[in-house]
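Number of protein chains: 2
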Amino acid sequence: MKKYAFGVDIGGTTVKLGLFDKEGCVLDKWEIPTIKENHGVQILPDVANSIKAVMAEKGITEEDVVGVGVGVPGPVDAEGNVQKAVNLGWDVFNIPKVLGGYLDLEVKAGNDANVAAYGEMWQGGGKGCSNMVAVTLGTGVGGGIIIGGQILSGATGAGGEIGHIHIEDNETEVCGCKNRGCLEQYASATGVVRLATRRLAKDDAPSVLRGEKLTAKAVFDAVKEKDAVAIEIAEQFGEYLGKGLAAVAAVVNPEMFVIGGGVSKAGEILFDYIRPAYEKYVFHGCKEAKLALATLGNDAGIFGAAALVLKERN
Amino acid sequence: MKKYAFGVDIGGTTVKLGLFDKEGCVLDKWEIPTIKENHGVQILPDVANSIKAVMAEKGITEEDVVGVGVGVPGPVDAEGNVQKAVNLGWDVFNIPKVLGGYLDLEVKAGNDANVAAYGEMWQGGGKGCSNMVAVTLGTGVGGGIIIGGQILSGATGAGGEIGHIHIEDNETEVCGCKNRGCLEQYASATGVVRLATRRLAKDDAPSVLRGEKLTAKAVFDAVKEKDAVAIEIAEQFGEYLGKGLAAVAAVVNPEMFVIGGGVSKAGEILFDYIRPAYEKYVFHGCKEAKLALATLGNDAGIFGAAALVLKERN
């Protein structure tokens, strides 16, 4: 009887792998390096060998395995075709076919942010919710949208790129995407640092942040100490993110937003700043959407990848 | 053999009905008045009687009919529960059950904007496209989102309410939804008139629009005559709508936007003003989305309603 699945989360430095049972418990997890030489041609064979080694070690046969799910840092369409994952050096090919050629197992693939969202829906902060948006506040702002329990990948795999919603007309600096005024420029970890740098330069108001190394963590730690300048920065952050999530809500009307990534480690205090702006800008029919913290951390990717092959069997 | 379906589009003044064959041809269409007295309790019995009368007249039996689809001006969830359609006086109830109680036929229901989008996908401007956003530029700005060939109704039936994306921080007037700065305040027919009124009041620049009754049609007619002031107004309209559609694209990454409603009667010249702003603000992965005109006009609702019951049988 098929009782296991593998979840694979391919990152620019390491590949995370997990062995799961059908109930969604992770039985083992490990990492291998991501070898990016020669357009990353070695990555999938390395993944296949690592899975085969674990199967041999644990006495698991192909008959025992439902399949392998894979999350990739780049656009992936509904058939598992990757459209250039620049961080890996990958061009365009079909992941299920290629990895399925090395491993005689069913393979499914998706974009890493979408797959992580799927993991949070399956076993994380969005458990039990079939219409949700996962928002990752990390170096950038990523998004993953789940509608009716399914990942919304979009026409070209760019569904859920909510970090690049235009939110500020007066921005002079350029975003990583080449546009100006993207949500990511204010609500990511680097965005919070940018907001803090600008606020501190504006005047001489006293703040525990002065002289410190500015990080999103330092800003929200100072908010918890009731530092007035840090609170202003958090209000700006909340204004931008609340406005961005209100735009997302007017499009997909989710039941819940699940907030993860490094910035989310500040905890529920974030919601004190996001919620008022969200309610100010959102269409009234979407006002009740819940805000929740992601709970799977860096494991969301392997959970969601395993769910790609396990969920529809349940 | 089942070979017919009925499409019903309930509006605040009239109910439009259509008889369709399975290939999506409309065989007959007619209207009945919408009786809103007593919380609109008469509306569904009237629809049932009208359908029964047409079936009797044409010798169609229940065995010949796949079902009846219904579009409603209010939020409707995936099970066909309407959540207060204020324009009809309706509270909360299940449309398929109630109408199915009067007619012994399968009934499906959806929000009217979403259903019209479905119609445009089935037989209109988005034919052959399974990831699209229909945008209705009428008195307001409505939206209907189709993902993987399915209507995205959202957690509370407010999916696709793209007219209420916040797009302008400096707006002083209040939108119908009570917020300020919604896309609808600039890109609807009334929004174009508001932009025109403001522009004309700004200075004395000559324009054929001066002294005329301001309408969206008058503005775009003047654009076609190369009236400089009208072109400025069209540029502002395009800037707002392009920016709004770019936000929608970053969320759902559609293959196509299908533009309908009264304003769209101006024709493809609209795209000259929407496209540059769209491309300026959109995430690069979504830049290729097509813009097309809706083709079904006021019949999109009955087409989409019929498609609710016909599409999944095809």
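Here the protein sequences come in this chain order: A and B.
Heads up: the first sequence begins at 1 in the working numbering, then just goes up one per residue.
Heads up: the second sequence begins at 1001 in the working numbering, then just goes up one per residue.
The beta carbon of each residue, even a glycine, is placed where N, CA and C say it ideally should be.
| Check | Outcome |
| --- | --- |
| Which residues bound the beta strand (DSSP E) around A:Asp-9? | 4 to 10 |
| Distance, Cα to Cα, B:Pro-1254 vs B:Ala-1056? | 43 Å |
| Which one of B:Gln-1123, B:Ala-1048, B:Val-1008 and B:Leu-1183 has the shortest CA to CA distance from B:Val-1258? | B:Gln-1123 |
| Is it true that the segment 1132 to 1145 of chain B meets the segment 1088 to 1095 of chain B, where meeting means three or more beta-carbon pairs spaced less than 8 Å apart? | no |
| List the residues of chain A whose Cβ lies closer than 9 Å to the Cβ of B:Glu-1161, in chain order. | Ala-249, Ala-250, Val-251, Asn-253, Phe-283, Gly-285 and Cys-286 |
| Along the chain, where does the beta strand (DSSP E) that runs through A:Leu-27 open and close? | 26 to 33 |
| Can you list, in chain order, the residues of its chain with a C-beta nearer than 6 Å to that of B:Tyr-1278? Leave out the 5 residues immediately preceding and following it. | Gly-1242, Leu-1245 and Ala-1246 |
| What are the residues in the segment 116 to 133 of chain A lying within 7 Å of chain B by C-beta distance? | Asn-131 |
| DSSP has B:Gly-1142 in a bridge; who is on the other side? | B:Thr-1136 |
| The beta strand (DSSP E) spanning B:Val-1082 covers which residue range? | 1081 to 1085 |
| At a CB-CB cut-off below 9 Å, which residues of chain B make contact with A:Gly-154? | Asn-1131, Ile-1147, Ala-1249, Val-1251, Val-1252, Asn-1253, Pro-1254, Glu-1255, Gly-1285 and Cys-1286 |
| Ignore the nearest five residues each way along the sequence and tell me which others in A:Leu-105's own chain have a CB closer than 7 Å to its CB. | Glu-62, Val-65, Gly-67 and Val-68 |
| Which residues, in order along the segment 1013 to 1030 of chain B, keep a beta-carbon less than 8 Å from a beta-carbon of chain A? | none |
| Please determine, among A:Gly-11, A:Val-282 and A:Met-256, the residue with the shortest C-alpha to C-alpha distance to A:Asp-112. | A:Gly-11 |
| If we define contact as Cβ-Cβ less than 7 Å, is B:Pro-1276 a contact residue for chain A? | no |
| Between B:His-1284 and A:Cys-177, which are expected to be in contact by the criterion C-beta below 8 Å, what is the C-beta distance as a whole number of angstroms? | 6 Å |
| Determine whether the Cβ of A:Ile-165 lies closer than 7 Å to any Cβ atom of chain B. | yes |
| What does a CB cutoff of less than 7 Å around A:Thr-13 pick up in its chain, not counting 5 residues either side in sequence? | Thr-34 |
| Can you find the residues in the same chain that come closer than 7 Å, C-beta to C-beta, to B:Lys-1003, ignoring five residues on each side of it along the sequence? | Asp-1021, Lys-1022 and Asp-1064 |
| Please name the residue or residues paired with B:Lys-1290 in a DSSP beta bridge. | B:Met-1256 |
| Apart from the five residues just before and just after A:His-166, which ones in its own chain have a Cβ nearer than 6 Å to its Cβ? | Gly-181 |
| I need the straight-line Cα distance from B:Glu-1037 to B:Asp-1204, nearest angstrom please. | 49 Å |
| For chain B, find out if any of its Cβ atoms is closer than 7 Å to the Cβ of A:Pro-45; answer yes or no. | no |
| Kindly indicate if chain A contains any beta-carbon less than 7 Å away from that of B:Lys-1097. | no |
| Which term fits B:Arg-1313, buried or exposed, when burial requires 16 or more other beta carbons within 10 angstroms of its beta carbon? | Note that B:Arg-1313 scores a pLDDT of 47, beneath 50, so its modelled location is shaky; the value from the coordinates is reported in the next line. It is exposed - the Cβ of B:Arg-1313 has fewer than 16 other Cβ atoms within 10 Å. |
| DSSP on A:Thr-197, reduced to helix/strand/coil? | helix |
| Quick check: what's the CA-CA separation for B:Arg-1194 versus A:Ala-187? | 33 Å |
| Can you pull the DSSP bridge partners for A:Trp-90? | A:Ala-85 |
| Should the segment 264 to 275 of chain A be regarded as contacting the segment 219 to 234 of chain A, the criterion being three or more beta carbon pairs within less than 8 Å? | yes |
| Between the segment 170 to 187 of chain A and chain B, which residues of the former have a C-beta closer than 9 Å to a C-beta of the latter? | Cys-177, Lys-178, Asn-179, Gly-181, Cys-182 and Leu-183 |
| Can the beta-carbon of B:Gln-1083 be found closer than 7 Å to that of B:Pro-1075? | yes |
| A:Ala-246 touches chain B at which residues, Cβ-Cβ below 7 Å? | His-1166 |
| Report all residues from its chain with a CB closer than 7 Å to the CB of B:Gly-1142; omit the five preceding and five following residues, and keep chain order. | Ala-1113, Thr-1136 and Gly-1163 |
| Hey, how far is the Cα of B:Leu-1044 from the Cα of B:Ser-1207? | 49 Å |
| With 7 Å as the limit, tell me which residues of the segment 1059 to 1078 of chain B have their beta carbon closer than that to any beta carbon of chain A; keep them in chain order. | Pro-1075 |
| For B:Val-1065, write down the residues that DSSP places opposite it in a beta bridge. | B:Tyr-1004 |
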